[in-house]
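Presented below is the structure to which this report refers.
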Amino acid sequence: MTAEPTGHEPTIAERVDYTRAHLPADQLDAYEQALRAAGRRVADSGDVTALSEVVEQWWWAARLEHHGGEGWQRQKRLIEEGRWQELLGSSGPVDVDAMLRESRP
Numbered sequence: 483m484t485a486e487p488t489g490h491e492p493t494i495a496e497r498v499d500y501t502r503a504h505l506p507a508d509q510l511d512a513y514e515q516a517l518r519a520a521g522r523r524v525a526d527s528g529d530v531t532a533l534s535e536v537v538e539q540w541w542w543a544a545r546l547e548h549h550g551g552e553g554w555q556r557q558k559r560l561i562e563e564g565r566w567q568e569l570l571g572s573s574g575p576v577d578v579d580a581m582l583r584e585s586r587p
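Quick note: the sequence shown uses our numbering, first residue 483, plus one each step.
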């Protein structure tokens with residue numbers, strides 16, 4: 483799967499796969515831990531918001547790692563410091579139901 487603009491919005495599963503493929507090895511453990519923690523919150527509460535946020539944040543981190551570009555060092559520092567809001571801005575609420583519908587076969 484590529485994350486190139488194609489008009490196709492990646493599903494949660496595609497984002498997880500892309501992230502695993504493109505994160506540096508030293509970040510994979512933190513990513514997997516974040517996924518597991520968010521998964522536990524979903525199991526405990528039924529609220530998938532935390533999982534969708536973790537997947538989205540780390541997917542953007544993987545895209546930045548893969549594609550780089552100007553300002554990458556600043557962006558990487560924001561990721562490492564967990565300053566997601568500053569990095570991504572306010573994109574508004576995530577439509578988790580739509581994301582889940584798209585990720586089901």
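We put the CB at the ideal spot given by N, CA and C, even for glycine.
Taking the C-alpha atoms as reference points, what is the distance between residue i and residue j?
{"i": "A519", "j": "G550", "result": "28 Å"}
{"i": "L570", "j": "E538", "result": "10 Å"}
{"i": "W541", "j": "A516", "result": "12 Å"}
{"i": "S534", "j": "R556", "result": "24 Å"}
{"i": "D499", "j": "W566", "result": "20 Å"}
{"i": "A495", "j": "M581", "result": "10 Å"}
{"i": "E514", "j": "G521", "result": "10 Å"}
{"i": "A525", "j": "R586", "result": "18 Å"}
{"i": "E568", "j": "K558", "result": "12 Å"}
{"i": "H548", "j": "G528", "result": "33 Å"}
What residue range is occupied by the uninterrupted alpha helix (DSSP H) comprising residue i?
{"i": "D508", "result": "507-527"}
{"i": "H548", "result": "531-549"}
{"i": "D499", "result": "494-504"}
{"i": "E568", "result": "566-570"}
Going by beta-carbon coordinates alone, are residue i and residue j separated by less than 8 Å?
{"i": "H490", "j": "A544", "result": "no"}
{"i": "T493", "j": "E584", "result": "yes"}
{"i": "V578", "j": "V536", "result": "no"}
{"i": "W554", "j": "L560", "result": "no"}
Rounded C-beta distance between residue i and residue j? I'm assuming under 8 Å.
{"i": "A532", "j": "R523", "result": "5 Å"}
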